[in-house]
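Participant: According to my numbering, the sequence shown holds residues -11 to 140 in order. All C-beta atoms in this analysis are idealised placements derived from N, C-alpha and C, irrespective of residue type, glycine included.
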Amino acid sequence: MSKEIEILARGVLIRSGHLLLCRNRKKNNFFLPGGHIEFGESARGALRREIREETGLKNTVGRFLGASEHTFKYKGRRVCEINIVFEFAIRGARAARRVPSAEKNLEFVWFPIRKLARSRIEPHTMIKDLPVWIRNARFSRWGSSYNAKGRR
């Protein structure tokens, strides 16, 4: 039984009152774009890389918004994760324009923020956390020993 904690970098992109979410087509669950941070990689660098891999698009990573601990069962084993959340941007992204997916089991959807409380977003703590983080982003701070290029 593995006792590792998964660490993920996640991103928030909002346009016209809509939040960009990923939807797993098999599980029909929603989550913020992003993914696992690789050893030796900064959280910001991981988010930039994951967005590029998932969409094929260049992006910029902005302010730290918050972090969320989450635990759940998957295939009979307990999974523990920490999601480190930043704002990010894709040039030209608009809620009226589809964001491409480079992965067949993943699609991007623009979800109305006002309906977030009724969403199936994971981790479910994001339903309460995201609106607070977005409103209070100027008070958030992320400390890191990595430089701007993601290296120590």
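Applying the criterion that 16 or more other CB atoms from any shown protein chain within 10 Å of the CB defines a buried residue, is Glu57 buried or exposed?
Facilitator: It counts as exposed.
Participant: Please determine, among Thr59, Ser89, Arg106, the residue with the shortest C-alpha to C-alpha distance to Leu(-4).
Facilitator: When only C-alpha atoms are compared, the closest one is Thr59.
Participant: Report the residue from Arg106, Phe96, Trp121, Glu91 whose alpha carbon sits nearest the alpha carbon of Ala84.
Facilitator: With distances taken between Cα atoms, Ala84 lies closest to Phe96.
Participant: Using 8 angstroms as the cut-off, can you tell me whether the segment 28 to 35 makes contact with the segment 7 to 19, which would need three or more C-beta pairs spanning the two stretches below that distance?
Facilitator: Touching, no.
Participant: Taking only the alpha-carbon atoms, compute the straight-line gap between Ile101 and Arg108 and give it to the nearest angstrom.
Facilitator: If I take the Cα positions, the gap works out to 13 angstroms.
Participant: Can you pull the DSSP bridge partners for Pro21?
Facilitator: Pro21 is not bridged to any residue.
Participant: Relative to the C-alpha of Lys92, which candidate in Thr43, Ala81, Arg106, Ile2 has its C-alpha closest?
Facilitator: The shortest Cα separation from Lys92 among Thr43, Ala81, Arg106, Ile2 belongs to Thr43.
Participant: Cα separation between Arg3 and Asn124?
Facilitator: Those two C-alpha atoms are separated by around 17 angstroms.
Participant: Please state the DSSP three-state secondary structure of Arg36.
Facilitator: Correct three-state label for Arg36: helix.
Participant: Take Arg37 and list the residues in its own chain whose beta-carbon comes closer than 7 angstroms to its own, dropping the five residues that flank it on each side.
Facilitator: Nothing listed; no residue qualifies.
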